[in-house]
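K.L.:
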Amino acid sequence: MNEYMEKEVSLALCPKLQDLTNRLKVVHMSCPLFDTARRLCPNIADAWSNLASAYMRKGRLNEADQCCLQALARLVDAHSNLGNLMKAQGLVQEAYNCYVEALRIQPTFSIAWSNLAGLFMETGNLNRALQYYKEALKLKLNFSDKYLNLGNVYKALGMPQEAIVCYQRTLQVRPDYAMAFGNLASGYYEQGNTEMAILNYRRAITCDAGFLEAYN
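Residue 140 in full-length UniProt numbering is what sits at position 140 of the sequence shown, and the numbering runs on without skipping anything.
Given below as structure tokens:
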């Protein structure tokens, strides 16, 4: 996996119609994973692409522009979903390639950044995971699971105060998130703050009476 770690993902979506249509053609022609990705979203991207071509022939460029964006979005989702499938099968490198391809098409796709971070987290590369979760949060600030996962990375790196801040941010976005209260309680417990740990474990139970960690 090391040979791919420094790969730059810098190809950004351009609002100009010709660039969009050219990008779509490049994806069709050059991406080795395209056929598999397309099977996950059968014909949807092609349908949007064909509709864009029809609008272009009629000179309706604004509609064609939107159709190209829709086609690219479907391809991004397909690559990300394919990455999740590869990850579930233990195919780490293949999953990585899929997430990177999704980001090559759309660098602002926060879910792919988060998936990439999760992959590095699972393989023990915590610094990379930290970097990519931060990137995901830059793009979508109100995503509670990303704050939770970022907190977990900080906790694994031995940075409990930073982890606590992340768990608190998680609860600002999702105030009834039992797992976030549980993780926050664990962070306080590790700092020796038993009172706050008990308080937050109780809050976790209030949100979810079946949250077993709180009873341990």
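The beta-carbon is built from N, C-alpha and C at its ideal position, and this holds for glycine as well.
1) On the criterion of 16 or more Cβ atoms from any shown chain inside 10 Å, does A78 qualify as buried, or is it exposed?
2) CB A180 to CB Y167, shorter than 8 Å?
3) Check whether the segment 86–103 touches the segment 124–131, counting contact only when three or more Cβ pairs, one atom from each stretch, lie closer than 8 Å.
4) Can you give me the start and stop residues for the alpha helix (DSSP H) that D176 sits inside?
5) Could you tell me which whole alpha helix (DSSP H) segments of length 4 or greater appear in the UniProt repeat "TPR" (110–143)?
6) Check this for me: beta carbons of I105 and S80, under 8 Å apart or not?
7) Smallest Cα separation from A209: which of G192, G151, D176, K134?
8) Just how far apart, CA to CA, sit G192 and L75?
9) Spatial neighbours of Y154 within its chain, please: C-beta separation below 7 Å, excluding the five flanking residues on both sides.
10) The ligand SAM heavy atoms versus the CB of N62: any closer than 7 Å?
11) Should G151 be labelled buried (16 or more other beta-carbon atoms within 10 Å of its own) or exposed?
P.N.:
Reading from the atomic positions:
1) Your numbering for residue 78 matches position 78 in the sequence shown. Buried, since its Cβ has 16 or more Cβ neighbours within 10 Å.
2) Taking the sequence shown and counting its residues from 1, one reaches residue 180 at position 180. Taking the sequence shown and counting its residues from 1, one reaches residue 167 at position 167. Cβ atoms of A180 and Y167: closer than 8 Å.
3) no
4) Against the sequence shown, residue 176 aligns to sequence position 176. Looking at the DSSP string, D176 is not in any alpha helix (DSSP H), and its letter there is neither H nor E.
5) 110–122, 126–139
6) Taking the sequence shown and counting its residues from 1, one reaches residue 105 at position 105. Taking the sequence shown and counting its residues from 1, one reaches residue 80 at position 80. The answer is no: Cβ separation not under 8 Å.
7) Position 209 of the sequence shown, counted from the start, is the residue given in the question as residue 209. Ranking G192, G151, D176, K134 by Cα distance to A209 puts D176 first.
8) In the sequence shown, the residue the question calls residue 192 occupies position 192. In the sequence shown, the residue the question calls residue 75 occupies position 75. Roughly 48 Å separates the two Cα atoms.
9) Along the sequence shown, one-based indexing puts residue 154 at 154. Only E162, A163, C166 meet the Cβ criterion.
10) Inclusion of the ligand SAM in the displayed structure is not the case, the ligand content being empty and no account of it being possible.
11) The residue you call residue 151 lines up with position 151 of the sequence shown. Looking at its Cβ environment, which holds 16 or more other Cβ atoms inside 10 Å, G151 is buried.
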